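*Asks:*
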Amino acid sequence: MALTWKDVIHFSVKGNPVPDNRVEKSENEWKELLTPEQFRITRKKGTEAPHSGALCSVHDAGKYECICCGTPLFDSSIKFESGTGWPSFTQPIKENAIKYSKDTSFGMTRVEVLCNTCDAHLGHVFPDGPPPSGLRYCINSESMKMTKKNENG
Numbered sequence: 001m002a003l004t005w006k007d008v009i010h011f012s013v014k015g016n017p018v019p020d021n022r023v024e025k026s027e028n029e030w031k032e033l034l035t036p037e038q039f040r041i042t043r044k045k046g047t048e049a050p051h052s053g054a055l056c057s058v059h060d061a062g063k064y065e066c067i068c069c070g071t072p073l074f075d076s077s078i079k080f081e082s083g084t085g086w087p088s089f090t091q092p093i094k095e096n097a098i099k100y101s102k103d104t105s106f107g108m109t110r111v112e113v114l115c116n117t118c119d120a121h122l123g124h125v126f127p128d129g130p131p132p133s134g135l136r137y138c139i140n141s142e143s144m145k146m147t148k149k150n151e152n153g
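Right, here's the structure in full:
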């Protein structure tokens, strides 16, 4: 069953699905594992400039995983060209892969999406995506790594 905007709002207000596991590290441990830009985006809730991410124009078959902990987040089959300048997806790979949080920064209300395993900031989700879900997960390239289908069997 596909998630809807109503589901997203419910999770952001009432609590998120339980992740399959948890990964927790200190700020210094994350700094050792990540590039400065990956750290800024995933651990400090930054964003990359539009159309600058390496994964924006990638359309190979495979899985998109959290750059911090390796948790599968999105499948290439639900990636689409949104024209926004960030990789966009219509659904997470599993309902409990993503954590949702109300974000009122920059004078607007949005729903932030994070890795539900390690709390890495990924981007935001909006209710203006294509059918059937109507969702657009707008994700920073720096917060993910892509494993092509032929690389993992």
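Residue numbers for the sequence shown, in full-length UniProt numbering: 1 to 153.
Built from N, CA and C at the ideal position, the CB exists for glycine as well.
Note that the structure is predicted; figures quoted are calculated from it, not measured.
Is there contact here, the region 133-148 with the region 50-65, by at least three beta-carbon pairs under 8 Å?
*Replies:* yes
*Asks:* Whole angstroms is fine: what's the gap from Lys63's alpha carbon to Gln38's?
*Replies:* 19 Å
*Asks:* Starting from the Cα of Asn116, find the closest Cα among Ile9, Asp7, Pro17 and Thr4 and give me that residue.
*Replies:* Pro17
*Asks:* How should Pro92 be labelled, buried or exposed, when 16 other C-beta atoms within 10 angstroms of its C-beta is the threshold for buried?
*Replies:* Pro92 comes out buried.
*Asks:* Could you round the C-beta distance between Pro50 and Trp86 to whole angstroms and report it? I think they count as a contact, below 8 Å.
*Replies:* The Cβ separation is near 6 Å, so the contact holds.
*Asks:* Looking only at C-alpha atoms, which of Leu73, Gly46 and Leu3 sits nearest to Cys118?
*Replies:* Leu73
*Asks:* What three-state label does DSSP hand Asp75 in the structure shown?
*Replies:* Here Asp75 sits in strand by DSSP.
*Asks:* Taking the straight line between their C-alpha atoms, what separation do you get for Gly134 and Ser82?
*Replies:* 12 Å
*Asks:* Going by DSSP, what residue range makes up the alpha helix (DSSP H) through Glu32?
*Replies:* Glu27 to Leu33
*Asks:* Quick one: residues in its chain with C-beta nearer than 7 Å to the C-beta of Asn21, no 5 flanking neighbours on either side, listed in chain order?
*Replies:* Closer than 7 Å at Cβ, skipping near neighbours: Thr117.
*Asks:* Sort Ser77, Val23, Asp128 and Gly15 by Cα distance to Ile67 and report the nearest one.
*Replies:* Val23
*Asks:* What span of residues does the alpha helix (DSSP H) with His10 cover, start to end?
*Replies:* His10: member of the alpha helix (DSSP H) spanning Trp5 to Lys14, first to last residue.
*Asks:* By the three-class DSSP mapping on this structure, what secondary structure does Ser133 have?
*Replies:* coil
*Asks:* To the nearest angstrom, report how far apart Lys99 and Ala2 are at their CA atoms.
*Replies:* 16 Å
*Asks:* Which of the three DSSP states, helix, strand or coil, is assigned to Lys42?
*Replies:* Looking at the sequence shown, residue 42 is not Lys but Thr. Thr42: helix per DSSP, three-state reduction.
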